[in-house]
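Residue numbers (our numbering), protein chains in the order written: chain A, 20 to 118; chain B, -18 to 465; chain C, 3 to 485.
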Ligand SMILES: [Mg+2]
Ligand SMILES: [Zn+2]
């Protein structure tokens, strides 16, 4: 059983774009560790020959015809955006390219 | 083709290892997961809906035509078309409306194909999977550069546009091969109608994975180069990056695995980010979508409808002309879509070698595709029969393309008649007599000197004959008079 | 709760012109007016729109048209269902003030059936919780005892029906979020077969588990509502083909000859209260008396349900909730760069339980942990489905308590893990994608409602409702027993 450290929690918070204070990390670490400890029963199972279930029912090939439709929601959405300019969503400067 | 030239970019004993990742926009009417138009150039955010804006509660539904086109490309690349599963690739970025990209991960639609390059190299295709495009960011202020911008604006018209990402094996060893691969892939995308594949407009985007090694050693650490907007950038960036890596290694340093950005203006690559902190995408199966399971009938239908692909067309023309498929004339004929013309001209009795020569050298012009194959065959026959010199034939051909007239009447109108051998011999003698020193060197010098002087004498002979001398006959005369 | 008009009764009266929809809606708005301050079932009551809609329904009746099977029936909607032009908050600061430009499929279907939406109900933020204490807008109180939770996460929808604010409401159930509050509030709550009800317009928590379902004061009302909202929807790729099954005509079929299995692992689950066990046994006895064949059955893999659920649901949630980044809608906390703006917005906008689950899910999907956690949990799902399949070879339906206890006091489950343990009986159906219903079956030692859960195999709703109706009838015959 991998035990969860403060650093793990800080790393995960960063990945999830959450800014935690030291106190919050102190609170979350044992809580998350307890939940993961509870999951140790699952982690311990020997399931090499069991296929995973990603979806309860075996539907396949659910497809849509390639026919365009105008949703007509642009102005409504832009009007309640946190910031908009020239028909676009405005954001503060973006540092760095997409990962 | 030009292996030796390109290899000389690196010091003796080093070689490049190149694999390419190509993203192509699929030519559909709607986006991958919603009914918004897949259309370039509209008002910002005009083509958006709850799904492609990532509004809470929205869901994706797969566009059947996008899957069809992806499978078609897969078959054109000789891939196995397999049951596939969409997955979420999680990362935060403002051009990504859901802050995850729906892509395919461990179960892509197409796997294990290959692409035969005109030069004869077979490049393995690892996979060709379906994924959605991102929106577009515009950086305002600071000259439009990302780092100095005052703020940025997001347009989601492109978000959710269907892409296919084609990943090659690291089978290329020169930047020429990489360019050739990109050009050949583009030809296939166009021939199959899968994409309009415009590199400059971004509907075909090429990223290069480049590493170097001493010949015979295992692969080195690779860097990924992004922002390659033309074949020229692709070639330059690869050469530059390979040289940079060799310099590092020869200086005893190591190559860091990272993504690098090509700057066309400065001709250099620069660090974009190191791989270590960026690769945590937490892929997992997309729970909002169900698997794709192509049937045997789907695949048979796609195979039956595939158009003739460039490699097959090269093989066909090569067979008709009695040359190798790597022959320059054959390659260019197919590249310029003139293989049909060449085949018909050969079928109409035109000498294959001369037909291919014209296609390769004299038909890179507008309107060449509507040239009558019978006329081209007739022209070639006049050349073979000595009625026209090569130079005259070239002039007649240009006129044929421009006017659609037959070669005989054009030649007549131009007053073209090939010199008979007697008249030509007189001119050759005149030229020799007027240039005794050159003639002495031509007669007694080494091959290199003689090669240079052949050009000189031919120029003089053409000038004296006002272009009516046949080059081959004149060369033969010069050599026999020199006792060679 | 006797004496209150049912959805079935209201629709019949409005369709026949015996009652106006306006009078029905006015009566319910008055009930809301009287007690909402105490209960806090709603984030928003749309009184004016409801009256206008009621007038439309009345106009249809006057014009000789049939407004549909839910004519004039007031319905409360969980505030994670998108409603065009009406704010949808998920009880989160991060979506405060957001007005969807579209309706969820279920909202469209309710409207097309003549129903009248009366408001948006409170929930645990993004449906993460079992008590509705995690709402950014304050908790909902249990109408049976204002010192106790109504359950969750659909606590507002459950309380609205229990308090008589609406005869019907919709909730969403990812791990028990309809059934457990139904049990705590003494009403009927249904988690349909995964894919029977379209998720289009339901703000996602855990996509492979989420399912919308109805609350009603009676089994018949819940059946009527499910028949209206169920059936294929081309906007949801996971929507099952086919129309919703006919349910209302099943209710009087009885249980003669049906095979009912009592799941021992759930009846004897850790922390199961004796009074809840006693009421469940009473339900078993009543079914046996009504002609069902009853036996105990072991479904061994269900003991892993809770662990698997608390890996799968947070993992999917961590991805589903990534989009709340301050760029396009909802809250934005300004900062010098987009990255910092996203950090600040998400930190300020999400409450602690949501943050906890996002981090847990992010961890479960991390490289090096995926196989041990998320991957393993997906395999456990397969085991649970297999064990249920084996049980359903011998039984038509399975029975268990809905929750381990009756409604608990506010603050009683401050430790997250103890709160999660509340879902032990309900989670297996979500993991398997099977339908389940909670039916009130008397009261516990504290006088608060106890719910009994009937589970069925995929698309087994008709049989499930037969059993639920039989339980309801037996309880009525018993005179609303307590343990
Ligand atoms: Mg990609
Ligand atoms: Zn769209």
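Here a beta-carbon is modelled for each residue, glycine too, at the ideal position from N, C-alpha and C. All of these numbers come straight from a predicted model, not from anything done at the bench.
Nearest CA to the CA of residue i: which residue from the options?
i, options, result
"residue 367 of chain C", "C:105, C:316 and C:325", "C:316"
"residue 203 of chain B", "B:188, B:377, B:212 and B:197", "B:188"
"residue 273 of chain B", "A:33, A:80 and A:91", "A:80"
"residue 165 of chain B", "B:137, B:54, B:98 and B:102", "B:98"
"residue 201 of chain B", "B:414, B:444 and B:-3", "B:-3"
"residue 451 of chain B", "B:59, B:402 and B:417", "B:402"
"residue 116 of chain C", "C:74, C:90 and C:149", "C:74"
"residue 134 of chain B", "B:248, B:182, B:25 and B:206", "B:25"
"residue 41 of chain A", "A:111, A:54, A:68 and A:26", "A:26"
"residue 43 of chain A", "A:77, A:78, A:92 and A:29", "A:29"
"residue 358 of chain B", "B:246, B:374, B:66 and B:348", "B:374"
"residue 352 of chain C", "C:48, C:326 and C:208", "C:326"
"residue 200 of chain C", "C:160, C:238, C:90 and C:142", "C:238"
"residue 469 of chain C", "C:416, C:401 and C:163", "C:401"
Between residue i and chain B, is the shortest Cβ-Cβ distance under 8 Å, so that the two count as touching?
i, result
"residue 106 of chain A", "yes"
"residue 239 of chain C", "yes"
"residue 340 of chain C", "yes"
"residue 155 of chain C", "no"
"residue 318 of chain C", "yes"
"residue 72 of chain A", "no"
Looking at chain C, is there any beta carbon in it that lies within less than 8 Å of the beta carbon of residue i?
i, result
"residue 123 of chain B", "no"
"residue 71 of chain B", "yes"
"residue 36 of chain A", "yes"
"residue 41 of chain A", "no"
"residue 95 of chain B", "no"
"residue 27 of chain A", "yes"
Beta-carbon of residue i versus every beta-carbon of chain A: anything under 8 Å?
i, result
"residue 257 of chain B", "With a pLDDT of only 49 at residue 257 of chain B, under the threshold of 50, the placement of this residue in the model should not be trusted, and no figure is reported."
"residue 387 of chain C", "yes"
"residue 236 of chain B", "no"
"residue 29 of chain B", "yes"
"residue 478 of chain C", "no"
"residue 5 of chain C", "no"
"residue 218 of chain B", "no"
"residue 60 of chain B", "no"
"residue 247 of chain B", "no"
"residue 8 of chain B", "no"
"residue 274 of chain B", "yes"
"residue 348 of chain C", "yes"
Name the chain A residues that come within less than 9 Å of residue i, Cβ to Cβ?
i, result
"residue 131 of chain C", "Correct list: empty, because the minimum Cβ distance to chain A is about 14 Å."
Can you pull the chain C neighbours of residue i, defined as C-beta to C-beta under 8 Å?
i, result
"residue 35 of chain B", "325 and 330"
For a contact meaning CB atoms closer than 8 Å, what does residue i contact in chain A?
i, result
"residue 306 of chain C", "60, 61 and 64"
"residue 204 of chain B", "By Cβ distance, chain A contributes nothing, its closest Cβ being about 15 Å from residue 204 of chain B, past 8 Å."
Under 8 Å between beta-carbons, which chain B residues line up against residue i? List them in chain order, please.
i, result
"residue 361 of chain C", "Residues of chain B passing the Cβ test: none, with the nearest at roughly 12 Å."
"residue 236 of chain C", "42"
"residue 68 of chain A", "Going along chain B, no residue has its Cβ under 8 Å from residue 68 of chain A, so there is no contact; the nearest lies around 18 Å."
Since residue i meets chain A, which of its residues come closer than 7 Å, beta carbon to beta carbon?
i, result
"residue 197 of chain C", "76"
"residue 24 of chain B", "106"
"residue 101 of chain C", "99"
"residue 136 of chain B", "107"
At a CB-CB cut-off below 9 Å, which residues of chain B make contact with residue i?
i, result
"residue 84 of chain C", "31, 36, 37, 38 and 39"
Give the residues of chain C in contact with residue i, contact being defined as C-beta atoms less than 7 Å apart.
i, result
"residue 308 of chain B", "None at all; the shortest Cβ gap to chain C is about 49 Å."
Please list the partners that residue i has in chain B, where partner means a Cβ-to-Cβ separation under 7 Å.
i, result
"residue 334 of chain C", "Near residue 334 of chain C there are no residues of chain B at all, since even the closest Cβ is about 12 Å away, more than 7 Å."
Interface residues of chain C around residue i at Cβ under 9 Å?
i, result
"residue 112 of chain A", "338, 339 and 340"
What residues come near ligand 2, if near means a beta carbon less than 6 Å from any of its heavy atoms? Here the residues come out as B:12, B:15, B:17, B:29, B:30, B:32, B:33 and B:141.
Under 7 Å, CB to nearest heavy atom of ligand 1: contacting residues: B:4, B:84, B:112 and B:146
Can you list, in chain order, the stretches of the beta strand (DSSP E) that have 3 or more residues and sit fully within the stretch 82 to 137 of chain C? 118 to 123
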